[in-house]
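Number of protein chains: 2
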Amino acid sequence: MTKILHPVLKILILCLVMLEMVVCMPGDQFKNWPVRTGPWVQPTRGEVWPKPKVQKSEEDFLALREKDFRFEIKSSEVHGECDIINEAIKRYHKRVFPPSASDTETNINQNNRRQRKRDSRRELKNDPKYKGYLEKVEIIMNNPQGCEKYPYMDMDEQYEVKVNAPDSPGTAQIIAFHVWGILRGMETFSQLVYASTQYGDALQFDGNLHSGYDTSSIEYLVNSTMVMDSPRFSHRGLLLDTSRHYIAKSVLKDNLDLMEMNKLNVFHWHMTDDPSFPYVSKKFPELSAKGAWHPTIAVYTQEDVADIIEYARMRGIRVVSEFDTPGHTQSFEPGHPGLLTECYDGDTKNGFLGPMNPTKKRVYAFVEELFEEITQVFPDKYVHLGGDEVDYKCWKSNPDISEFMNKWNLTGQYAKLESIYIKKLLDIISSFPTKNGYIVWQEVFDNGVKVKNDTIIHVWKGQWEWEMAKVTSSGLRAILSSPWYLNYINYGADWTKYYLADPMDFFGGAKQKELVLGGEACLWGEFVNSVNLIPRLWPRASAVAERLWSPASVRNTQEAKHRIQEMECRMIQRGYPAEPINGPGFCNVNWNA
Amino acid sequence: MTKILHPVLKILILCLVMLEMVVCMPGDQFKNWPVRTGPWVQPTRGEVWPKPKVQKSEEDFLALREKDFRFEIKSSEVHGECDIINEAIKRYHKRVFPPSASDTETNINQNNRRQRKRDSRRELKNDPKYKGYLEKVEIIMNNPQGCEKYPYMDMDEQYEVKVNAPDSPGTAQIIAFHVWGILRGMETFSQLVYASTQYGDALQFDGNLHSGYDTSSIEYLVNSTMVMDSPRFSHRGLLLDTSRHYIAKSVLKDNLDLMEMNKLNVFHWHMTDDPSFPYVSKKFPELSAKGAWHPTIAVYTQEDVADIIEYARMRGIRVVSEFDTPGHTQSFEPGHPGLLTECYDGDTKNGFLGPMNPTKKRVYAFVEELFEEITQVFPDKYVHLGGDEVDYKCWKSNPDISEFMNKWNLTGQYAKLESIYIKKLLDIISSFPTKNGYIVWQEVFDNGVKVKNDTIIHVWKGQWEWEMAKVTSSGLRAILSSPWYLNYINYGADWTKYYLADPMDFFGGAKQKELVLGGEACLWGEFVNSVNLIPRLWPRASAVAERLWSPASVRNTQEAKHRIQEMECRMIQRGYPAEPINGPGFCNVNWNA
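Order-wise, the sequence lines are chains A and B. Using my numbering, read the first sequence as starting at 1 and increasing by one per residue. Using my numbering, read the second sequence as starting at 594 and increasing by one per residue.
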């Protein structure tokens, strides 16, 4: 029996989900929600995305005032020396208090405002659940080794958040052993805070448009809460493709911000491919000078790459580079001719070029030099080596390759030819002292290349359940992308499909399951550029993020849709153009301001 | 035999088109193109979208300099009194010279730049096809009646553009009888101009990244050209839905800019629907106060509506309002309770509400008052009255409605009940002196409502070929939207599908075909808000725009793909976030600047 759902059944389920979204009435839990109710997806308030492992919240709450609020580093080991935490404090102070749509409203009578303000304060204080102001969140990292510098595979992201705990009322704590947990905890804390208009008469519209709402009484609140959290998977990635279209550095940075908010921790940078070579190599500057879409305005210089890696580091995100070979390398040719296979029609060259020519020695010399540079420029201990979709047609047409294969008794065995290349590449990379291991696309495994035991196989094709079982049963580690090709767009709320896919949904024992490191959402660049990358990706990638962070049991789309709706609005309110994925609705943002 | 293409065949054709895009090599016509060539869709240079009826271009060309270029109104009748042309001159001066990516480049040695500049000028002047500078485009509108104020159905959009014509070398003319033709001609002229780097050494990269390109020698050129053009269809519309999500006024304006560039001339403003009522009525302010997503930041005030209509008027675009009734009216209830039908489960009300209750007199009194206001606020002679998707289930459950129907011998005939409502609504609208006619969704026709002869039927359902034949054979005019629901997104280059649909592709005689006024692209708002509206719509709507403007014979996607690629880049270069629709590529825009 296969575990793959029949496509018709899938469509039926999707339709039911969508139908429900359109016609269902909101449940009781939203009765007190101060925005218009109706048959659309109501966002939650102050719920965390991705959902923490353990969370206990009370009805008691504290209020926060922007001017009288601070994060305070408690442990002396950290103080003043951990740039990651210091930067995070600046960042999260803003995120706790997102600019409210109402900040921009005008025409409110100032006296009236002040009068109502007093009223509202009185009402807040009259609420028996109100427990005072939260002025301080303590950051507690009791780790004598101090602050780690670079994020890495299996880094410790565990944390606790306590708000108004019985043993320290009126305060909050973010507790972790490592800086990575502190970062995740700060994000969680920032999401626990919500804007409320329940106190005062903020949403009591007086019928006169020109007086507007009195929004001065919006309160930022946080309920008494205890969170104990750590990720389910250590590799929670996102692939962006900067070759099919150039992606502006500002967009890459915005995307890193959003990855942090969604607790993703690997930016898989698919740097090069057939259409363009945007990386400015120190050793081979001609590659981008002649192979980029544009040699100065569509490239990433050494400084740009360092800047992106630093930006990611500050957010606890690894940057894993991929310079895909031996296929997907057409863009290498203009700046470094002669690496690729010349294709033939019969006895004559037809002008087309195929994958790199694995029979040429200069190919390996080049690859060694290029990757020596790359492995130094990208400090992560892992490098993604590609190895996917090698087209044998051109190799088959080339007489030099045929001769080589005859000579080595490989006649007709092109998968073996491919393996020769990959094996040599892996040996080259292994010889560099800076790297711990490598990731390759599943073809490398499928073609039977002998890889080192710590190689990670990146599963991306269909029937991934079988592939995951095969890879892990052979003792190799795996990451999954097959169900998460977000470049394939669909009409409607397709996030549920991504949400329900689980890398563990294959037949295998506990030992096999241990070898599943996580997965990556992929946004291939055929139809994505700087214009539409962020709205196309978010919040759809949020669905993948929760799958990879939260416990396997968190998979109820009826519950999740309200939280992902809050997450969508949260991203918009923080200034990132996430698109609407749940049908009609309104995030409290003033687009006309 | 039906003319509907078998779906499998359609998919096959689409695949072939996409395959071709990915693997084809560029044709000869692109050999001299100064950007990187490769197996991606090359944009044309200075080609017009939508394609004009008649165009004759020579290889001779003139050069334009931003400082020494102007539009000049020639005919004394127009001078100084036509705000539409005066505003257009300001707008198009910028569009003729879009900010070049290269403007932002730095690190170019200034002396070097000046030296090269001189070289380049010399080279330009050495080209035998170079015929001097174009300093003046004459706007000639020989119409003693002067400048019309509001665009209208069947307005005259015919124009001619002449550049370096034999009888007036070194100048250009835009000639039309009416201001609407002048506007279309200015757009066409602006698209004929292209940026060239062929003169001088601009794209001769010197291998040193820090010196960059010398881009000071980019020239704006325009070939000697004669265009005679007029639209195939008079109604070339675009529907936006501002109810399912609120759309910012700035986005509506950007969209009007893009409509103008694509020569679309009707903004169908689907203002209200079930989810929200964003229009601030003078007579019924409670409708938006209680029925909008937000009563102050998610509404269109009277001033906002007037502002949008004025913005559209300046671009020769009609604004046709739709306040859909009797279905799609849930958002009317909070601000004006009691119009809708109460639904029953057996003998008891179930709390749900259905369409407006056509048996209540107060419904008609309300509708008359509302539309009296609307028809004054929206000056267009046409109003769209909706009338689609009326769900009979709730009507069937309501005992008062059953009693009414029994009384009038209509038992069980709900389509007739619907007709009663629509007939009354049409009579009400007809009684207003300000309106010439109305547009209704096809159900009104399908349900056999007797409509006035000048009613326009808006065809939107499947099997539209039959419907178009039926509507026109009954002597009524029709506009088509069925194939152009752009909210339904697909992976890949889906614009070809929209491009190939033709409103005339149905069986019918010449008299019937004369009744086809055109069509509308629709972007329903379930999954569209201010964040993603523009990139989702453009350049996909450009495909519809060419279908509706250009002759029926212009339908070669292999030819069109290069022009729509230039149009995509043109929209981006002019500052509008059009998404990539043809696969990998690069528009010459510096996103990092």
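Glycine included, each C-beta is placed from N, C-alpha and C at the ideal position. Only a predicted model underlies this, so the values are computations on that prediction, with no experimental measurement involved.
Checklist entry - Name the residues in the segment 236-254 of chain A whose C-beta lies less than 9 Å from a C-beta of chain B; which are they? => result S243, R244, H245, Y246, I247, A248, K249, S250 and V251
Item to check | Neighbourhood of A/A545 by C-beta distance below 7 Å, restricted to the same chain and skipping five residues each side | outcome: Translated into the one-based positions of the first sequence, residue 545 of chain A becomes position 545. Within the same chain, A/A545 has close Cβ partners P50, R236, N262, K263 and L264.
Item to check | Proximity below 8 Å, CB of B/S1075 to CB of B/K1090 | outcome: Here residue 1075 of chain B refers to the residue found at position 482 when the second sequence is read from its first residue. Here residue 1090 of chain B refers to the residue found at position 497 when the second sequence is read from its first residue. In this structure, B/K1090 does not lie closer than 8 Å to B/S1075 by Cβ.
Next on the checklist: Is it buried or exposed, B/K1063, if we count other Cβ atoms within 10 angstroms and call 16 or more buried?
Outcome noted: Here the question's residue 1063 of chain B lines up with position 470 in the second sequence. Buried is the call here.
Next on the checklist: Am I right that A/L517 and A/S234 are in contact with their C-beta atoms under 8 Å? What's the rounded C-beta distance?
Outcome noted: The residue labelled residue 517 of chain A in the question sits at position 517 within the first sequence. The residue labelled residue 234 of chain A in the question sits at position 234 within the first sequence. Their Cβ separation, rounded to whole angstroms, is 6 Å, which keeps A/L517 and A/S234 in contact under 8 Å.
Item to check | Sequence ranges, beta strand (DSSP E) only - wholly within the segment 712-745 of chain B, length at least 3 | outcome: Counting only runs that start and end inside the segment 712-745 of chain B, the beta strand (DSSP E) elements of at least 3 residues fall at 723-726 and 729-733.
Item to check | When B/L845, B/F690, B/Q751 and B/P1128 are compared against B/Y904, the one with the closest alpha-carbon | outcome: In the second sequence, the residue the question calls residue 904 of chain B occupies position 311. When each option's Cα is compared against that of B/Y904, the closest is B/L845.
Checklist entry - Does the segment 133-153 of chain A come within contact of the segment 62-69 of chain A, defined as at least 3 CB pairs closer than 8 Å? => result Counting Cβ pairs under 8 Å, three or more are found: they touch.
Checklist entry - If you check the beta carbons only, do B/I733 and B/I767 fall under 8 Å apart? => result Looking up residue 733 of chain B in the second sequence gives position 140. Looking up residue 767 of chain B in the second sequence gives position 174. Contact flag set, yes.
Next on the checklist: Under 8 Å: do the segment 1019-1030 of chain B and the segment 986-1005 of chain B share three or more Cβ pairs, one atom per stretch?
Outcome noted: no
Checklist entry - Excluding the five sequence neighbours on either side, which residues of its own chain have a C-beta within less than 7 Å of the C-beta of B/P868, listed in chain order? => result Within the second sequence, the letter at position 275 stands for residue 868 of chain B. For B/P868, where only same-chain residues beyond five positions count, the Cβ hits under 7 Å are S836, R837 and S924.
Next on the checklist: Check for me: the beta strand (DSSP E) holding B/N943 runs from which residue to which?
Outcome noted: If you number the second sequence from 1, residue 943 of chain B lands on position 350. Note, B/N943: beta strand (DSSP E), T941 to M949.
Next on the checklist: Under 8 Å, Cβ to Cβ, is there at least one residue of chain B near A/S216?
Outcome noted: Translated into positions along the first sequence, residue 216 of chain A becomes position 216. Its pLDDT being 49, under 50, A/S216 is placed unreliably by the model, and the measurement read from it follows with that caveat. No, A/S216 does not count as interfacial toward chain B.
Item to check | C-beta atoms of B/H861 and B/L814 nearer than 8 Å | outcome: Numbered from its first residue, the second sequence carries residue 861 of chain B at position 268. Numbered from its first residue, the second sequence carries residue 814 of chain B at position 221. No, these two residues do not count as a Cβ contact at 8 Å.
Checklist entry - For B/I767, which residues does DSSP report across the bridge? => result Position 174 of the second sequence, counting from 1, holds the residue named residue 767 of chain B. DSSP output for B/I767 lists B/I732 and B/V754 as bridge partner(s).
Item to check | At least 3 beta-carbon pairs within less than 8 Å: the segment 902-922 of chain B vs the segment 742-761 of chain B | outcome: yes
Next on the checklist: Rounded to the nearest angstrom, what separates A/G508 and A/H458 at their Cα positions?
Outcome noted: Within the first sequence, numbered from 1, the residue matching residue 508 of chain A stands at position 508. Within the first sequence, numbered from 1, the residue matching residue 458 of chain A stands at position 458. Looking at the backbone, the Cα of A/G508 and that of A/H458 are separated by about 18 Å.
Checklist entry - So which of A/C522, A/A493, A/F61 and A/K396 has the shortest CA-CA distance to A/A560? => result Position 560 of the first sequence, counted from the first residue, corresponds to residue 560 of chain A. The option with the nearest alpha carbon to A/A560 is A/A493.
Next on the checklist: Within the continuous alpha helix (DSSP H) that includes B/E853, where are the two ends?
Outcome noted: To locate residue 853 of chain B, count along the second sequence from 1; it is residue 260. First-last of the alpha helix (DSSP H) with B/E853: K842 to M854.
Item to check | Spatially closest choice to B/I578 from B/S1067, B/R684, B/E1036 and B/Y985, by CA coordinates | outcome: This structure cannot settle anything about residue 578 of chain B, because the visible part of chain B is limited to 594 through 1186.
Checklist entry - Is B/M1061 helix, strand or coil when you go by DSSP? => result Numbered from 1 along the second sequence, position 468 holds the residue referred to as residue 1061 of chain B. Three-state DSSP puts B/M1061 in a helix.
Next on the checklist: Quick check on this structure: which residue in B/Q969, B/R955 and B/E965 has the alpha carbon closest to the alpha carbon of B/A899?
Outcome noted: For the purposes of this step, residue 899 of chain B is identified with residue 306 of the second sequence, where counting begins at 1. The shortest Cα separation from B/A899 among B/Q969, B/R955 and B/E965 belongs to B/Q969.
Next on the checklist: Residues in the same chain with beta-carbon distance under 6 Å from B/V562, minus the five sequence neighbours each way, listed in chain order, please.
Outcome noted: Past the edges of chain B, shown from 594 to 1186, lies residue 562 of chain B, and the structure says nothing about it.
Item to check | Simplified DSSP state of B/A1071, which is helix, strand or coil | outcome: For the purposes of this step, residue 1071 of chain B is taken as residue 478 along the second sequence, with counting starting at 1. Reduced to three states, the DSSP call for B/A1071 is strand.
Item to check | The alpha helix (DSSP H) enclosing A/G335, as first and last residue numbers | outcome: Here residue 335 of chain A refers to the residue found at position 335 of the first sequence. Per DSSP, A/G335 belongs to the alpha helix (DSSP H) from F332 to G335.
Next on the checklist: Give me the chain A residues within the contact set of B/E1172, using Cβ-Cβ distance strictly less than 9 Å, ordered along the chain.
Outcome noted: The sequence position of residue 1172 of chain B within the second sequence is 579, counting from 1. The contacting residues are F527, V528, N529, V531, N532 and R536.
Next on the checklist: For chain A, check one thing: does any of its Cβ atoms lie closer than 8 Å to the Cβ of B/N855?
Outcome noted: Here residue 855 of chain B corresponds to residue number 262 of the second sequence, with the count starting at 1. So, not an interface residue.
Checklist entry - In chain B, what lies closer than 8 Å to A/N592 by C-beta? => result Your numbering for residue 592 of chain A matches position 592 in the first sequence. Result: A841, K842, S843 and I890.
Item to check | Best match in B/H921, B/L1093, B/Y1084 and B/S990 for proximity to A/R536 [C-alpha to C-alpha] | outcome: Stepping through the first sequence from its first residue, residue 536 of chain A is reached at position 536. For the residues B/H921, B/L1093, B/Y1084 and B/S990, the minimum Cα distance to A/R536 belongs to B/Y1084.
Next on the checklist: Distance check for A/D427 and A/K601, CA to CA, integer angstroms please.
Outcome noted: Only positions 1 to 593 of chain A appear in this structure, which leaves residue 601 of chain A out of reach.
Next on the checklist: Does B/P1144 pass the burial test, meaning 16 or more other C-beta atoms within 10 Å, or should it be called exposed?
Outcome noted: The residue given as residue 1144 of chain B occupies position 551 in the second sequence. With fewer than 16 Cβ atoms within 10 Å of its Cβ, B/P1144 is classed as exposed.
Checklist entry - Under the three-state reduction of DSSP, which class applies to B/F664: helix, strand or coil? => result Your numbering for residue 664 of chain B matches position 71 in the second sequence. Strand.
Next on the checklist: At the 8 Å Cβ level, is A/F586 part of the contact set with chain B, yes or no?
Outcome noted: As a first step, residue 586 of chain A is located in the first sequence; it is residue number 586 there, counting from the start. Yes, its Cβ sits closer than 8 Å to a Cβ of chain B.
Item to check | Beta-ladder partner(s) of A/D345, from DSSP | outcome: On the first sequence, position 345 is the one that residue 345 of chain A refers to. When beta bridges are read from the DSSP output, A/D345 appears opposite A/T348.
Item to check | First and last residue of the uninterrupted alpha helix (DSSP H) at B/G979 | outcome: Taking the first residue of the second sequence as 1, we reach residue 979 of chain B at position 386. Premise fails: B/G979 lies in the beta strand (DSSP E), Y975 to G979, not in any alpha helix (DSSP H).
Checklist entry - So, is the C-beta of A/G462 closer than 8 Å to a C-beta in chain B? => result As a position in the first sequence, residue 462 of chain A is number 462, starting the count at 1. By this cut-off, A/G462 is not an interface position.
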